[in-house]
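J.: Once you've had a glance at the structure underneath, I'll fire off some questions.
Number of protein chains: 2
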Amino acid sequence: MSALNRNPDVHKKIDRSAYEPAYAQLAGILREQVASGAYQPGQKLPSEATLCRNYDVSPMTVRRAVNLLIDQGVVRTIQGKGTFVKALNFGSISFNLRHFQDLFKDKKRTKIRFLEARIIRADAQVARKIDIQVGQRVIFMRRLIDSDGEPVIYHQESMLYDPKLPIVEGELELTSLHGLFSGGNESSFKKGKLELKATILDREAAHLLKCAEADPALKLEHIFYDFKDRPVSWGWFIFRSDLQELSTTVGIWG
Amino acid sequence: MSALNRNPDVHKKIDRSAYEPAYAQLAGILREQVASGAYQPGQKLPSEATLCRNYDVSPMTVRRAVNLLIDQGVVRTIQGKGTFVKALNFGSISFNLRHFQDLFKDKKRTKIRFLEARIIRADAQVARKIDIQVGQRVIFMRRLIDSDGEPVIYHQESMLYDPKLPIVEGELELTSLHGLFSGGNESSFKKGKLELKATILDREAAHLLKCAEADPALKLEHIFYDFKDRPVSWGWFIFRSDLQELSTTVGIWG
DNA sequence: AAGTGGTCTAGACCACTAT
DNA sequence: TAGTGGTCTAGACCACTTT
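Chains as they are written, first to last, in this note's numbering: chain A, 615 to 868; chain B, 615 to 868.
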């Protein structure tokens, strides 16, 4: 397996008894051939009809395999021309917040600490962000998220306050945050916009996160919308980038 | 179209004459129904067999539509149970570097300025990162990327130096950067690891990027590997987060 | 046993590209 | 005209869940 196989015509077979479905196996075989250099960037893969014959699968199965490779950024297809190996490029690089979410799934180690929750009057900025009148009441919340007893994320948020829905103090803690992170189905938000920025810890945030003032940190700003497409929550998370790693890979990995 | 349709049984039909394929149309219809609240988070969608009948398409077409919705984070499927509407959660949030890449595609507005390129001896850190001996020669490069004449990204990189491949001065400029960003097939890298961090501009970087010293910025650190899986390049990009926006959306839009 | 999603077949037709 | 990818059919069988 470690030796390079530069002859793509000598191909492995699909194991029909394997648990892994045929399309995934085929995708894996092709990805391996690309990774080994059997097909270089820019080169054309065998036609789908050829792959059907070589691996004894139906066109739909080949199609699914190729689509997988497209999703993985390994190849691209041009109708009427063929399937070509893609070179590495930045467009396909993406970072996701899986680690962020994983943190919250671990309910033993992760605790949400409430710093503040009160109803205040919206200032101009809040009013603009969640599309209400200045002076209208909003719920202002500040939370600290602890992992293993150490503070790792600071969060502050201004939420639309609906007087028709009286709020029990205990409910606040569950609102939004746990629903968003737990991966369960408790969220009442339909969609959101997020923006990632660099920032510098002010004195208060530094103190809360037990960092030095003026340390660099990441700021994840959010606006969430309800099912009527009304913006209902604006706020941001602040966390040290060395604690919440945002790493990813690109290209073809084993 | 603006009125909510809370009865999912009164459904739109697939337009077979449309350019948009049937599976995409079906996915769009279902997504719209979820967005309108006809199916709430946690609720079960009609079975695939039912969808086949309702929309008069084959099982494979329904399957593709459902798979699309899964990719978009709208639903999730549980074998033997059904297809369920997903609630918003952070796990599916991802940021990509499309804007980063777009910048480089625009070759009229974007210029790469070379600050420095010379062959130096690897120090301990570089040696560790690209897996060579301390003291071995590496190509050290510093670049500034201008957009519309204004500096927006600073880049520095240490590359493996292969004495067997003599380097023409002019080639350096094309190396890696243009291949990576242009989206063409010029890259000679097979894969890479990237990490996004917050940082603070030091005096030099601030000066080059025409910012104030100690301004916050994003640092995108990278290691790239060649087709033999050897690490060949280590370095980082530094850019102001307000110039290179890293924004994204989550949930169900339109 | 019945219902659900997951995979797969062996063709078909279409749109696009090259020659 | 021949070859390519893109879509789609009308079933089949399987694994899993619920009743």
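Virtual Cβ for every residue (Gly too), placed ideally from N, Cα, C.
(1) Kindly indicate which three-state DSSP category B/G784 falls into: helix, strand or coil?
(2) Which first and last residues belong to the alpha helix (DSSP H) in which B/F803 is found?
(3) So, A/F709 versus A/T813, is the Cβ gap smaller than 8 angstroms?
(4) Exposed or buried, A/V748, counting other C-beta atoms within 10 Å across all chains shown (16 or more means buried)?
(5) Check the Cβ of B/V864 against every Cβ in chain A and list those closer than 7 angstroms, keeping chain order.
(6) Would you call B/M674 buried or exposed, if buried means 16 or more other Cβ atoms sit within 10 Å of its Cβ?
(7) For A/L774 versus A/L808, is the C-beta spacing smaller than 8 angstroms?
(8) Go through the stretch 830 to 868 of chain A residue by residue and report every complete run of the alpha helix (DSSP H) that reaches 4 residues or more, in order.
(9) Do we get a CB-CB distance below 8 angstroms when we pair B/D856 with the residues of chain A?
(10) Would you say A/I643 reaches chain B, if we count a Cβ-Cβ gap shorter than 8 angstroms as a contact?
(11) Is the beta carbon of B/I852 less than 8 angstroms from the beta carbon of B/Y768?
(12) Quick check: B/A738 and B/M755, are their CB atoms within less than 8 angstroms of each other?
(13) Checking contacts by CB at 8 angstroms: is A/K743 closer than that to chain B?
(14) Under the rule that 16 or more other beta-carbon atoms within 10 Å means buried, what is B/Q647, buried or exposed?
(15) Determine the chain A residues that contact B/W867 at a beta-carbon separation under 7 angstroms, and present them in chain order.
(16) Comparing alpha-carbon positions, which option in A/L640, A/A649 and A/Q639 lies nearest B/K842?
(17) Under 8 angstroms, do A/Y839 and A/G868 count as touching if we go by C-beta distance?
(18) Buried or exposed: which applies to B/P830, given that a residue is buried once 16 or more other Cβ atoms fall within 10 Å of its Cβ?
(19) Output, in sequence order along the chain, the residues in the stretch 703 to 720 of chain B whose CB is closer than 7 angstroms to any CB in chain A.
(20) Alpha carbon to alpha carbon, how far is A/R727 from A/P765?
(21) Under 8 angstroms between beta-carbons, which chain B residues line up against A/E859? List them in chain order, please.
(22) Hey, does B/G798 have any beta-carbon neighbour from chain A nearer than 8 angstroms?
(23) State the Cα-Cα distance for the pair B/F718 and B/I733, rounded to the nearest angstrom.
(24) Can you list the residues of chain A that B/I651 reaches, using a CB-CB cut of under 7 angstroms?
(25) Please decide whether A/A679 counts as near chain B, where near means a Cβ-Cβ distance under 8 angstroms.
(26) Which value, in whole angstroms, describes the spacing of the CA atoms of A/A826 and A/R817?
(27) Could you tell me if A/Y633 is buried or exposed, where buried requires 16 or more neighbouring beta carbons within 10 angstroms of its beta carbon?
(28) Does DSSP classify B/I746 as helix, strand or coil?
(29) Which residue or residues does DSSP assign as beta-bridge partners of B/L810?
(30) Mind listing the chain B neighbours of A/P830? Cutoff is C-beta to C-beta under 9 angstroms, in chain order.
(31) The alpha helix (DSSP H) that contains B/I643, what's its start and end?
(32) Could you give the distance in angstroms between the alpha-carbon of B/L788 and the alpha-carbon of B/W848?
(33) Confirm, please, whether the CB-CB distance from A/A736 to A/Q715 is below 8 angstroms.
(34) To which residues does DSSP link A/Y768 through a beta bridge?
(35) Can you tell me which of the three DSSP states A/K658 falls into?
T.: Per the coordinate set shown:
(1) Low per-residue confidence applies at B/G784: pLDDT is 47, beneath 50, and the placement is therefore not dependable, though the value from the model is reported in the following sentence. Three-state DSSP puts B/G784 in a helix.
(2) No alpha helix (DSSP H) contains B/F803, which DSSP labels as neither H nor E.
(3) no
(4) exposed
(5) K805, G806 and L808
(6) exposed
(7) no
(8) none
(9) yes
(10) no
(11) yes
(12) no
(13) no
(14) buried
(15) K805
(16) A/A649
(17) no
(18) buried
(19) N703, F704, G705, I707, S708, F709, N710, L711, R712, F714 and Q715
(20) 9 angstroms
(21) E809
(22) Any reading at B/G798 is ruled out, since the residue's pLDDT is 46, under 50, leaving its predicted position unreliable.
(23) 26 angstroms
(24) Rather than Ile, the amino acid found at residue 651 of chain B in this sequence is Gly. Ordered by position in chain A, the residues that pass the 7 angstroms Cβ test against B/G651 are F841.
(25) no
(26) 8 angstroms
(27) exposed
(28) coil
(29) A/L860 and B/L834
(30) K811, A812, T813, I814, P830, A831 and K833
(31) A636 to A649
(32) For B/L788, the predicted model reports a pLDDT of 47, less than 50, meaning its position is unreliable; a value from the coordinates is still stated below. Each residue's Cα considered, the two are about 17 angstroms apart.
(33) no
(34) A/L758 and A/I852
(35) strand
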